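Novice: In the UniProt record's numbering, the protein residues as written are 1 to 501. A single structure is presented below for examination.
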């Protein structure tokens, strides 16, 4: 039996090899036909394309795509990843063209090249038209000044507690520095959990949440092979569990808000408004997309956006302030004018935050200079004429580069210069089309005010509470994808409490 099987395989192997060679040739021809005159690799690895290069070194991969795009006046370049033709877009104008044309017959925002498998088909980022507009309108109560003011005290208490624990950890770790990346990530996860779903997560649920979120992050950086035991499969199952956990929080909030209780977290503000809308409906029908499970999915979107992007920005804030002592001195001087705590219970208010004009300019420059989510992947639902000479084929994954756009238009864009955002220069208005860190068009980040507030709070408290020193090594400030970007050395620092703390 075994001998017969081997004999059969040997007899058909030339045909199998010929078939594989034919498929590889057809794939290559298809790629070249779609690529046409665009810059990009002339040859691709059969079936995988350049996926291995992307996973092995994302920074180098996207740098090469940027170099290809710069070599052409078109401002974009081509490549191929696991059966998918892709475009990398460097030009701000063309990026806007993609971001503003999200519709069933143009581009679909996907968040990740294989995002639907991870996030699910019903995710907020895959919505269009009036449904999407209505849902964003219903999210507005989550980010009013009243709601943002209530979040600030929670954010500060968590930041302050973590800062003190980092100083203790640093004292125990000497003479070695500590790495802030995972510490900041854990702080942000606790902040997001508490701000978004407050009292509805038990300590045990928070622990499981953290484990699942780590699995989800690992899956984002892995090859998308949905096989038992693979990182991608684990990430997909983790995302399902996370959404169910958040759906349970939404259910608890619904019950609590029905009693007339005051909102204490984001889901409460959202639920309060949804219940009001339901009560005002003649048939007492709840608004669309407001079931507990759907709200759980939307909360997961918020947490994903807030968690990783915010962690990236906080790490780069420390890195850039460390290398710009003059800017650090100006921040500390401004913060001392509004923040003179008599005890650790003294908190900045929403109005105090509005007075920190320069600190907010620093925060906005951090986001410009190191846009945390560097790319905004979309897929072409139909052929789309991108320029007079090039039409994007259906099914193409298009990557507008939010990072590259930030280094176009602005005065001396490669310089870290927060003054560009002050009233005297107003470069955020003059070069608005280039400031794409929060996206543009119908899917522009709905929580950007919360994100900036969190970054301003962290910068104010970090610089006011601790002295810090960053040991410099070769390549320590290079960009690493994890999946948002962070310093290659994970932001190593020495910390100690400042005088008075």
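Think of the CB as a built atom: it goes at the ideal place given N, C-alpha and C, for glycine as much as any other residue. Here the structure is a predicted model, which means the values were calculated and not measured.
Tell me the residue span of the alpha helix (DSSP H) that contains residue 496.
Specialist: Note, residue 496: premise wrong, no alpha helix (DSSP H); beta strand (DSSP E) at 492–497.
Novice: The beta strand (DSSP E) that contains residue 486, what's its start and end?
Specialist: Looking at the DSSP string, the run of the beta strand (DSSP E) that includes residue 486 is 485–487.
Novice: Can you look up residue 378 in the DSSP assignment and give me helix, strand or coil?
Specialist: Three-state result, residue 378: strand.
Novice: Once you ignore the five residues that flank residue 216 on each side, which residues in its own chain have a CB closer than 6 Å to its CB?
Specialist: Only 235, 238 and 239 meet the Cβ criterion.
Novice: Please determine if the region 446–465 and the region 132–152 are in contact, where contact requires at least 3 C-beta pairs separated by less than 8 Å.
Specialist: The region 446–465 vs the region 132–152: in contact.
Novice: Please report the straight-line C-alpha distance between residue 96 and residue 433, rounded to a whole angstrom.
Specialist: Spanning the two alpha carbons is a distance of roughly 8 Å.
Novice: Alpha carbon to alpha carbon, what distance is there between residue 123 and residue 298?
Specialist: Straight-line Cα distance between these residues: approximately 7 Å.
Novice: Is it buried or exposed for residue 468, if we count other Cβ within 10 angstroms and need 16 for buried?
Specialist: Result: buried.
Novice: Using the Cβ count rule (16 or more neighbours within 10 Å means buried), how would you classify residue 26?
Specialist: Per the 10 Å Cβ criterion, exposed.
Novice: Would you kindly work out how many angstroms separate the C-alpha atoms of residue 347 and residue 317, rounded to a whole number?
Specialist: Looking at the two C-alpha atoms, the distance is approximately 21 Å.
Novice: What are the boundary residues of the alpha helix (DSSP H) that residue 294 is part of?
Specialist: 292–322 is the extent of the alpha helix (DSSP H) around residue 294.
Novice: Using only the alpha-carbon positions, how far apart do residue 54 and residue 108 sit?
Specialist: Cα to Cα, the separation comes out at about 22 Å.
Novice: Look at residue 41 and residue 71 and say whether their C-beta atoms are less than 8 Å apart.
Specialist: Not a contact, by the Cβ cut-off of 8 Å.
Novice: In angstroms, rounded to a whole number, what distance separates the CA positions of residue 21 and residue 15?
Specialist: Cα-Cα distance, rounded: 10 Å.
Novice: What residue range does the alpha helix (DSSP H) around residue 262 cover?
Specialist: Segment: none, residue 262 is in no alpha helix (DSSP H) and carries neither H nor E.
Novice: Would residue 179 pass as a contact of residue 423 if the rule is Cβ separation under 8 Å?
Specialist: Contact flag unset, no.
Novice: Once DSSP output is grouped into helix, strand and coil, what is the label at residue 145?
Specialist: DSSP places residue 145 in helix when its eight states are reduced to three.
Novice: Starting from residue 373 and walking both ways along the beta strand (DSSP E), at which residues does that stretch end?
Specialist: First-last for residue 373: undefined, no H or E at that position.
Novice: How should residue 279 be labelled, buried or exposed, when 16 other C-beta atoms within 10 angstroms of its C-beta is the threshold for buried?
Specialist: Per the 10 Å Cβ criterion, exposed.
Novice: Three or more C-beta pairs closer than 8 Å, one from the region 381–395 and one from the region 403–417: is that the case here?
Specialist: No: the two stretches stay apart, fewer than three of their Cβ pairs being nearer than 8 Å.
Novice: Report the three-state DSSP secondary structure of residue 480 (helix, strand or coil).
Specialist: Three-state DSSP puts residue 480 in a strand.
Novice: In whole angstroms, give me the CA-to-CA distance for residue 464 and residue 203.
Specialist: Answer to the nearest angstrom: the Cα atoms are 30 Å apart.
Novice: Apart from the five residues on each side of it in sequence, which residues of its chain come closer than 8 Å, Cβ to Cβ, to residue 75?
Specialist: Counting only Cβ-Cβ distances below 8 Å, and skipping sequence neighbours, we find 69, 89, 90, 91, 93 and 94.
Novice: So what's residue 217 in DSSP terms, helix, strand or just coil?
Specialist: Residue state, collapsed to three classes: helix.
Novice: With DSSP run on the structure shown, which of helix, strand or coil describes residue 45?
Specialist: Residue state, collapsed to three classes: coil.
Novice: Since residue 421 contacts residue 361 with CB under 8 Å, what's their CB separation in whole angstroms?
Specialist: Confirmed, Cβ separation roughly 4 Å.
Novice: Please report the straight-line C-alpha distance between residue 269 and residue 263, rounded to a whole angstrom.
Specialist: Taking the straight line joining both Cα atoms gives about 6 Å.
Novice: Assign residue 118 to buried or exposed, taking buried as 16 or more other Cβ atoms, counted over all protein chains shown, within 10 Å of its Cβ.
Specialist: Classification for residue 118: buried.
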